[in-house]
Amino acid sequence: MTMLHSVRLMRSMPSRMLFNLRSVKKSSVPMSVTFSAAAGNLNIYDEKQADEEERRRVELYKEIDNMKGRGFTDPWDLEDLMNSKTTYADLPDWSPALVSRLSQERVKIHPDKIPTLSTLARIPLPPPPPPHPGHGQLKLYALQRKRAIFKIIAEKVEAMVEPEISRIKEIVSWEDKQDAVDELFERVEFSLREKEEILGKHPLFSSWVEKALEQYLQRVQRSQEIDHNDAEHKDSTTENTTSMDEDALPTAEQDSAALPVFLDCFSESDSEEENSPKILHPLKLFERGQNLGRMIEEWDLAAHKTSKRIMIRQCTRQIAQALEGPVAPRVFVHGQKGVGKTATLASVVASARKSGHIVMYFSDGDHMSKNGFYIEPNAKRPGIFDLPILSGQACQQLLDCHKADLEEFSISRETLEVYFTADQVNRLSGLTGEEMKLVEVLELAVEKTAVAPMCYAAAVDALMKQEKKPFLIVSDDFNSFFQPGFYFHADYDYDVKKAIPYEQISLFKPVLDAMALTADEGTDPRTPMMMKQGGIVVGISESRAVGRKITDQLGVNARLQASNDAVPMIVCEVPRLSSIEVEHMLANYEAIGFGKLRLDQGDVVLNDDEVTYLRVVSSGVAQNLMDVCIM
Numbered sequence: 001m002t003m004l005h006s007v008r009l010m011r012s013m014p015s016r017m018l019f020n021l022r023s024v025k026k027s028s029v030p031m032s033v034t035f036s037a038a039a040g041n042l043n044i045y046d047e048k049q050a051d052e053e054e055r056r057r058v059e060l061y062k063e064i065d066n067m068k069g070r071g072f073t074d075p076w077d078l079e080d081l082m083n084s085k086t087t088y089a090d091l092p093d094w095s096p097a098l099v100s101r102l103s104q105e106r107v108k109i110h111p112d113k114i115p116t117l118s119t120l121a122r123i124p125l126p127p128p129p130p131p132h133p134g135h136g137q138l139k140l141y142a143l144q145r146k147r148a149i150f151k152i153i154a155e156k157v158e159a160m161v162e163p164e165i166s167r168i169k170e171i172v173s174w175e176d177k178q179d180a181v182d183e184l185f186e187r188v189e190f191s192l193r194e195k196e197e198i199l200g201k202h203p204l205f206s207s208w209v210e211k212a213l214e215q216y217l218q219r220v221q222r223s224q225e226i227d228h229n230d231a232e233h234k235d236s237t238t239e240n241t242t243s244m245d246e247d248a249l250p251t252a253e254q255d256s257a258a259l260p261v262f263l264d265c266f267s268e269s270d271s272e273e274e275n276s277p278k279i280l281h282p283l284k285l286f287e288r289g290q291n292l293g294r295m296i297e298e299w300d301l302a303a304h305k306t307s308k309r310i311m312i313r314q315c316t317r318q319i320a321q322a323l324e325g326p327v328a329p330r331v332f333v334h335g336q337k338g339v340g341k342t343a344t345l346a347s348v349v350a351s352a353r354k355s356g357h358i359v360m361y362f363s364d365g366d367h368m369s370k371n372g373f374y375i376e377p378n379a380k381r382p383g384i385f386d387l388p389i390l391s392g393q394a395c396q397q398l399l400d401c402h403k404a405d406l407e408e409f410s411i412s413r414e415t416l417e418v419y420f421t422a423d424q425v426n427r428l429s430g431l432t433g434e435e436m437k438l439v440e441v442l443e444l445a446v447e448k449t450a451v452a453p454m455c456y457a458a459a460v461d462a463l464m465k466q467e468k469k470p471f472l473i474v475s476d477d478f479n480s481f482f483q484p485g486f487y488f489h490a491d492y493d494y495d496v497k498k499a500i501p502y503e504q505i506s507l508f509k510p511v512l513d514a515m516a517l518t519a520d521e522g523t524d525p526r527t528p529m530m531m532k533q534g535g536i537v538v539g540i541s542e543s544r545a546v547g548r549k550i551t552d553q554l555g556v557n558a559r560l561q562a563s564n565d566a567v568p569m570i571v572c573e574v575p576r577l578s579s580i581e582v583e584h585m586l587a588n589y590e591a592i593g594f595g596k597l598r599l600d601q602g603d604v605v606l607n608d609d610e611v612t613y614l615r616v617v618s619s620g621v622a623q624n625l626m627d628v629c630i631m
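With UniProt numbering applied, the sequence shown corresponds to residues 1 to 631, in that order.
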């Protein structure tokens, strides 16, 4: 052993062992024996240290397993899996036969695949979950808790009083009947207080019982009056009752007993290679990290390529009911990040196009608000600026989706002269007499980019004023149009320092004029310029780089305008997934072969602990649920 090796060994030894070595140097023990003893002590020390580390590791694993909140533990050592030579190519191909029976029973596809708006407005659907106190909705959560407590008391009051009602009805004297009702009030309160050990001690318990009993007696009285009227006018009301039942909206009881339903946007004209169905054009898959929500990414990662499913929720039904109303509505869709706002808008677009509506769909408002290639001033309207390329793409969208529907429409010469210069109007080859076919105007926009903004503005104006078919505008990322602009021009600001406001850009002007919303506090509401038939539906984005103040103020101003009966404003919130919706969403993930549920053959959906864990860790947010099902 060299001197260098000896020094390294001594440096690595504990101080006690070095002291023993120094004392041995003066003795007559040979150096080789001394180092052999030291090496033996070192091995014992390493074994003790390894045992101590193993003990601490086991204790740490147990502590983490107990902190998970799961009823089971996953293996910590994956040696068999890591040493396996299995590759992705060795895994079996996915097929519908691998889907468990439970998932097949839970996933219900609408019989029409895509329901019309009138059908969608009448589908019973499960109610959304209550507000979450951790999401900044403390007042709504407190109100919901009070209503839930009152509902419990009302159900128990009804169960106690129902046997007594028939006896009270048989009493002839009005005074005796009133005395029986008064006695019933007192007896129900005392009886229920004895049974309810916790709620009975609440200071408002007496008022809750009194209110619940009063409401129940009023319902009984109304039902008696209705039965009496039906008996008198039975023949005259038979036909009217049938028509009312057909058009009646779902009740709360029907919704409570309902199960989630999916719509499927895939059609025979779609190919398996396309990630976005044609009915949702121009929705498409962008690069990773830039997708419109995560719905389209789910379709891309699923093994089932002939299925493009979206869960129908009560918020979707609320929008359909508004669009089926007598007046063209304005709908403002909001919600926290990842709850499914983009999926809701896509459902409305598919259902509206199935219903025969002409739909102009701005699927990526954030992209349009930034990447317009170039901007130029309008030749006809002072102060208005054009995005020629994006305007041509919007016209192409209308041709791709609704060319057959637009054949019957024409644009008058008077309308064309509003948006085209006199020289441009004279050079329009399709202008014969006093009008021009709308399809020819759109085709001209696709052919000649220079006149695309004028063609777009004239076409949208004509569609908003016609009454033959409903015209619907759907815009996602609506709050992107209120952020500091990305388009500059010397005609607007000579120093090119101020961005052009989006309401002065011809592409966005119809959308902003129809919604008539501002992101400013305390400003007077603008007069909306709505279409005669159809409506406008916009959704905000929580994943774009838009100021929090802008997004919040848009919601405040939308609620303030909700009281405008002339042009209704519907504020629709997309909530989190309820427990039953999470279960059916997981079943759908297995049914389409998505993520870790692709080959598990029901191991997840049949395990209540795993389903509860996925629901809790995702907080009922659809995007988070998708993420945990991939990992």
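We put the CB at the ideal spot given by N, CA and C, even for glycine.
Check: Nearest-angstrom Cα separation, counted from residue 389 out to residue 530; Outcome: 25 angstroms
Check: Proximity below 9 angstroms, CB of residue 260 to CB of residue 585; Outcome: yes
Check: Residue 263 - partner residues in DSSP beta bridges; Outcome: 310
Check: Ranges of the alpha helix (DSSP H) found wholly within the stretch 430-492, counting only runs of at least 4; Outcome: 438-447 and 452-465
Check: Exposure of residue 374, with buried meaning 16 or more beta-carbon neighbours within 10 Å; Outcome: exposed
Check: Cβ pair residue 472, residue 592 closer than 9 angstroms; Outcome: no
Check: Length-filtered (4 minimum) alpha helix (DSSP H) runs lying within the stretch 360-387; Outcome: 365-368
Check: Status (buried if at least 16 other CB within 10 Å, exposed otherwise) for residue 67; Outcome: exposed
Check: Alpha-carbon spacing of residue 453 relative to residue 97, whole angstroms; Outcome: 52 angstroms
Check: C-beta atoms of residue 342 and residue 476 nearer than 9 angstroms; Outcome: yes
Check: Contact under 9 angstroms by Cβ, residue 546 with residue 482; Outcome: yes
Check: Minimum C-alpha distance to residue 627 - residue among 562, 600, 208 and 596; Outcome: 596
Check: Distance CB(residue 317)-CB(residue 125) smaller than 9 angstroms; Outcome: yes
Check: Limits of the beta strand (DSSP E) - the one that residue 410 falls within; Outcome: 410-412
Check: Integer Cβ distance of residue 601 from residue 100, believed to fall under 8 angstroms; Outcome: 6 angstroms
Check: Among 278, 313 and 425, the one whose alpha carbon lies nearest that of residue 122; Outcome: 313
Check: Burial state of residue 622, where buried means 16 or more other Cβ atoms lie within 10 Å; Outcome: buried
Check: DSSP state of residue 244 mapped onto helix, strand, coil; Outcome: Unreliable placement is indicated for residue 244, whose pLDDT of 37 sits below 50; the coordinate value is still reported in the next sentence. Three-state result, residue 244: helix.
Check: CB of residue 561 within 9 angstroms of CB of residue 510, strictly; Outcome: no
Check: Residues sharing a beta bridge with residue 572, DSSP; Outcome: 333
Check: Beta bridge counterpart(s) of residue 534 as assigned by DSSP; Outcome: 471
Check: Three-way DSSP call (helix, strand, coil) for residue 109 in this model; Outcome: strand
Check: Beta-carbon proximity check, residue 577 vs residue 115, cutoff 9 angstroms; Outcome: no
Check: Coarse secondary structure for residue 505, derived from DSSP in three states; Outcome: strand
Check: Inter-stretch contact (C-beta, 8 angstroms, three-pair minimum) for the stretch 359-372 and the stretch 428-435; Outcome: no
Check: Inter-residue spacing [alpha-carbon to alpha-carbon] between residue 300 and residue 264; Outcome: 15 angstroms
Check: Simplified DSSP state of residue 168, which is helix, strand or coil; Outcome: helix
Check: Neighbourhood of residue 435 by C-beta distance below 7 angstroms, restricted to the same chain and skipping five residues each side; Outcome: 410, 411, 412 and 413
Check: Helix, strand or coil at residue 593 according to DSSP, with G and I counted as helix; Outcome: coil
Check: Three-way DSSP call (helix, strand, coil) for residue 44 in this model; Outcome: helix
Check: Beta-bridge partners of residue 358, as assigned by DSSP; Outcome: 471
Check: Per DSSP, cross-strand counterpart(s) of residue 539; Outcome: 333
Check: Rounded Cβ spacing between residue 324 and residue 117 (contact assumed at less than 8 angstroms); Outcome: 6 angstroms
Check: Beta-carbon gap between residue 380 and residue 420 smaller than 9 angstroms; Outcome: yes
Check: Environment of residue 553 [buried if 16+ CB atoms lie within 10 Å]; Outcome: buried
Check: Of the residues 315, 219, 371 and 162, the one placed nearest residue 346, counting alpha carbons only; Outcome: 315
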